[in-house]
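When we follow the working numbering, the leftmost residue of the first sequence carries the number 370, and every step to the right adds one.
For every residue, glycine included, the Cβ atom is placed at its ideal position computed from N, Cα and C.
All figures in this text were calculated on a predicted structure; none of them were measured in a lab.
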Amino acid sequence: MLEKVQADRKNKLQKVRELGVDPYGSRYDTAEPIADVLGRFDDDGEGQSADVAGRLTLIRDMGKLIFAHIRDQGGQMQICLRKNALDERSWQLAKLLDLGDLVAAAGPLQRTRTGEITVFAERLTLLCKSLTPPPEKFHGLQDVEARYRRRYLDLMTNPESREVFDRRTEIIDHIRGKLRGRGFVEVETPMMQPIYGGAAARPFVTHHNTLDADLYLRISPELYLKRLLVGGMEKVFEINRNFRNEGLSTQHNPEFTMLELYQAYADYEVMMEITEELISSAAAHIAAPGLVRRIQSWYDHGCEPGAILMWPGGQAGFDADHKAYKVIKSGRTVLPFGDEQVDFSAPFARATYDELLREHAGVSMFDGDAAREKARELGIDESNKDDAVVVNDVFEATVEDKLIQPTFVLDYPADLCPLTRRGDDERIALRFELYMAGMEIANAYTELNDPAVQEANLRRQLRGEADGETMRVMDEDFLNALLHGMPPAGGLGIGIDRVIMLLTNSKSIRDVILFPLLRPESQ
RNA sequence: GGGGGAGUAGCUCAGUUGGAAGAGCAACGGCCUUUUAAGCCGUAGGUCGUGGGUUCGAGUCCCACCUCCCUCACCA
Numbered sequence: 370m371l372e373k374v375q376a377d378r379k380n381k382l383q384k385v386r387e388l389g390v391d392p393y394g395s396r397y398d399t400a401e402p403i404a405d406v407l408g409r410f411d412d413d414g415e416g417q418s419a420d421v422a423g424r425l426t427l428i429r430d431m432g433k434l435i436f437a438h439i440r441d442q443g444g445q446m447q448i449c450l451r452k453n454a455l456d457e458r459s460w461q462l463a464k465l466l467d468l469g470d471l472v473a474a475a476g477p478l479q480r481t482r483t484g485e486i487t488v489f490a491e492r493l494t495l496l497c498k499s500l501t502p503p504p505e506k507f508h509g510l511q512d513v514e515a516r517y518r519r520r521y522l523d524l525m526t527n528p529e530s531r532e533v534f535d536r537r538t539e540i541i542d543h544i545r546g547k548l549r550g551r552g553f554v555e556v557e558t559p560m561m562q563p564i565y566g567g568a569a570a571r572p573f574v575t576h577h578n579t580l581d582a583d584l585y586l587r588i589s590p591e592l593y594l595k596r597l598l599v600g601g602m603e604k605v606f607e608i609n610r611n612f613r614n615e616g617l618s619t620q621h622n623p624e625f626t627m628l629e630l631y632q633a634y635a636d637y638e639v640m641m642e643i644t645e646e647l648i649s650s651a652a653a654h655i656a657a658p659g660l661v662r663r664i665q666s667w668y669d670h671g672c673e674p675g676a677i678l679m680w681p682g683g684q685a686g687f688d689a690d691h692k693a694y695k696v697i698k699s700g701r702t703v704l705p706f707g708d709e710q711v712d713f714s715a716p717f718a719r720a721t722y723d724e725l726l727r728e729h730a731g732v733s734m735f736d737g738d739a740a741r742e743k744a745r746e747l748g749i750d751e752s753n754k755d756d757a758v759v760v761n762d763v764f765e766a767t768v769e770d771k772l773i774q775p776t777f778v779l780d781y782p783a784d785l786c787p788l789t790r791r792g793d794d795e796r797i798a799l800r801f802e803l804y805m806a807g808m809e810i811a812n813a814y815t816e817l818n819d820p821a822v823q824e825a826n827l828r829r830q831l832r833g834e835a836d837g838e839t840m841r842v843m844d845e846d847f848l849n850a851l852l853h854g855m856p857p858a859g860g861l862g863i864g865i866d867r868v869i870m871l872l873t874n875s876k877s878i879r880d881v882i883l884f885p886l887l888r889p890e891s892q
């Protein structure tokens with residue numbers, strides 16, 4: 370069947386050529402964004418005209434009169450093609466158009482009898498003939514696997530999907546702007562590393578032929594960014610991919626985007642302020658009415674923006690089935706995430722690791738025996754694991770999914786944190802993680818800059834960590850760098866994909882990554 | 001890897017107890033100059049995920065496998 374449709378379309382393509390028209394178009398830079406056209410239309414104005422370009426999403430052919438919807442990246446509107454308004458060749462061309470073709474139409478701009486703003490074309494230009502029909506015009510592409518594997522079809526037909534990726538870009542731009550405003554410089558450090566480190570994860574391995582050397586795709590940029598602190602770069606950040614050779618889930622993609630930043634002469638308290646500012650301001654930015662208005666034009670199918678856009682009480686809101694954004698309380702930014710309402714307003718709640726563990730598990734992080742008992746009660750295998758690993762297993766099992774509202778968890782068990790400075794109490798590390806909606810979003814510490822302690826930490830193996838998942842791979846050059854003296858510093862990592870999930874109400878990380886990793890299709 | 005769910009036309013989906021594979025959209029032919037998922041008349045389109053099995057007969061029942069989704073495990 371598909372072959373037949375493609376053959377029909379190739380026939381039409383040939384007929385287009387016989388008309389002397391290039392079916393693959395060429396430069397066309399006179400078109401105006403559709404959202405702008407709809408926005409400037411004046412009901413009392415006369416002699417208005419427009420020139421728009423985009424993909425045909427709907428065609429209603431009435432013989433000598435054709436109505437069609439044309440969509441560009443910011444909006445959709447109606448065009449009308451009439452036999453007696455076009456020259457003979459253009460009319461022949463109009464009758465050969467299919468859903469999915471890219472065209473441009475120019476002519477007078479008027480409302481139709483039923484009130485829809487419409488370009489009554491006097492010029493029609495074919496920009497690209499489409500040989501494969503688009504998905505169903507009303508339901509769009511629903512099949513989840515197809516949406517991930519053939520993202521171009523998802524983007525073409527599902528505006529709410531495009532919307533998520535537009536927001537992703539806006540959020541990352543916003544974060545970069547905030548960091549630049551604080552005097553941070555963006556750097557790029559190796560993705561391919563001879564020694565991997567900075568996190569506890571299994572790496573991907575690759576090979577450089579000329580050097581005949583195995584290299585690892587980085588699991589973290591941390592050790593390189595700290596070298597830059599040694600070199601005198603006092604405020605650095607990197608937003609880039611990390612690769613971890615681990616399982617896939619709704620919260621894990623093997624390659625994911627991480628923000629890491631380091632600030633000399635700061636500590637984890639400063640990192641908390643920065644985290645709060647980045648995330649709460651990104652949420653406020655993304656919930657701003659101006660953005661909601663622009664988005665709304667996608668759903669409007671040609672009705673003028675403004676008709677649906679004024680929300681009562683100055684609140685911004687947006688509802689399209691599963692993607693909903695709202696600013697609910699004035700002065701606070703509250704966004705829905707699934708069944709939850711998450712309040713992104715600063716300041717975020719703070720609690721120590723030990724307080725939370727006592728509250729939810731009834732044991733102290735300093736009492737290894739009690740933690741083991743609790744672990745057995747929870748069905749966690751605690752044999753052959755060090756106390757700190759058992760404690761953390763209990764923490765993850767009992768506390769994590771309770772942390773829906775933004776919460777800084779402070780002061781981790783020192784044994785879990787080889788790169789972190791100890792507190793006055795040597796058993797704790799000056800580290801926090803930020804949890805939201807039960808997900809780990811950020812991780813930061815007051816950085817360890819004592820080379821002797823750092824070396825000892827890296828040499829010590831913790832029992833209970835799986836083979837190959839330890840960060841204790843000795844990086845002599847990193848230790849040498851510390852011997853030259855690294856300023857006391859705060860370091861922060863934020864999982865960008867998860868932030869995007871929270872701010873776009875996406876329950877799966879695959880919905881915020883354009884091309885998530887799936888099993889390759891066989892044959 | 002364990003558990004649960006799904007896979008039927010290009011797309012969105014029905015398919016009863018096992019008894020002749022369906023609808024809408026898209027496509028093709030025809031009518032139609034103000035339609036809104038246009039309408040009307042007609043035509044065509046299927047390896048029912050793959051491979052076995054049970055049966056007179058399998059989209060439907062059984063087994064294995066493939067892919068995706070959810071969940072658990074894994075995972076800073």
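Counting pairs of Cβ atoms below 8 Å between the segment 532-549 and the segment 557-574, do you hit three or more?
no
In terms of alpha-carbon separation, which member of Leu597, Asp784 and Gln383 lies closest to Ala757?
Asp784
Take the Cβ of Glu457 as the centre, count every other Cβ of all protein chains shown within 10 Å, and call the residue buried at 16 or more, exposed below.
exposed
Taking the runs of the alpha helix (DSSP H) that are 4 residues or longer, which of them lie wholly in the segment 450-493?
457-463
Let me know the secondary structure DSSP gives Val540 once reduced to three states.
A small fix is needed here, since residue 540 is Ile in this sequence, not Val. Correct three-state label for Ile540: helix.
Would Lys342 and Leu465 qualify as a contact pair, given that the criterion is a beta-carbon distance under 8 Å?
It is not possible to answer for residue 342, since the shown part of the chain is limited to 370 through 892.
Can you list, in chain order, the residues of its chain with a C-beta nearer than 8 Å to that of Pro889? Leave out the 5 residues immediately preceding and following it.
none
Run the CB neighbour count on Gly601, radius 10 Å, all protein chains shown included, and call it buried at 16 or more, exposed below.
exposed
Rounded to the nearest angstrom, what separates Arg791 and Val768 at their Cα positions?
23 Å
DSSP three-state assignment for Glu769, whether helix, strand or coil
helix
Excluding the 5 residues flanking Lys771 on each side, which residues of the same chain have their C-beta closer than 7 Å to its C-beta?
His729
In chain order, which continuous runs of the beta strand (DSSP E) of length 3 or greater are located wholly inside the segment 515-588?
574-577 and 582-586
Cβ of Gly444 within 8 Å of Cβ of Ala404?
yes
Can you give me the C-alpha to C-alpha distance between Glu607 and Met627, rounded to a whole angstrom?
8 Å
At which residue ranges does the segment 586-634 contain complete alpha helix (DSSP H) runs of 4 or more residues, listed in the order of the chain?
591-599
Determine the DSSP secondary structure at Asp712, reduced to helix, strand or coil.
strand
Residue burial classification, Asp755 (beta-carbon count within 10 angstroms, cutoff 16)
buried
Touch check for the segment 604-622 and the segment 874-882: three-plus C-beta pairs under 8 Å?
yes
For Gln445, does the three-state DSSP call read helix, strand or coil?
strand
Runs of 4 residues minimum, wholly inside the segment 747-799: which ones carry the alpha helix (DSSP H) assignment?
756-767
Bridge partners for Met870 per DSSP, in chain order?
DSSP, once it has assigned bridges, lists no residue as partnering Met870.
Beta-carbon gap between Glu646 and Ala739 smaller than 8 Å
no
Return the first residue and the last residue of the alpha helix (DSSP H) that Ile643 is part of.
Tyr637 to Ile655
Are three or more beta carbon pairs between the segment 590-600 and the segment 843-859 nearer than 8 Å?
yes
Is it right to say Val605 is buried, meaning 16 or more other beta carbons lie within 10 angstroms of its own, or is it exposed?
buried
Hey, out of Arg800, Tyr397 and Asp411, whose CA is closest to Val421's CA?
Tyr397
Tell me the rounded alpha-carbon separation between Leu371 and Leu434.
28 Å
Measure from the alpha carbon of Lys498 to the alpha carbon of each residue in Arg409, Ser752 and Lys384, then state which is nearest.
Lys384
Local conformation of Ala850 per DSSP, three classes
helix
With a threshold of 16 other CB atoms inside 10 Å of the CB of Asp690, please say whether the residue is buried or exposed.
Residue placement at Asp690 cannot be trusted, given a pLDDT of 33 that sits under 50; what the coordinates show is reported in the next sentence. It counts as exposed.
Checking 8 Å against the spacing of the C-beta atoms, do Pro775 and Phe735 come in under that value?
no
Please say whether Phe777 and Arg719 have beta carbons closer to each other than 8 Å?
yes
Near Leu522, what residues of its chain come up, given a Cβ to Cβ distance below 8 Å and the 5 sequence neighbours on each side ignored?
Pro503, Pro504, Leu510, Ala515 and Arg516
Just how far apart, CA to CA, sit Arg480 and Met431?
18 Å
The alpha helix (DSSP H) that contains Ile863, what's its start and end?
No alpha helix (DSSP H) contains Ile863, which is instead part of the beta strand (DSSP E) from Ala858 to Gly864.
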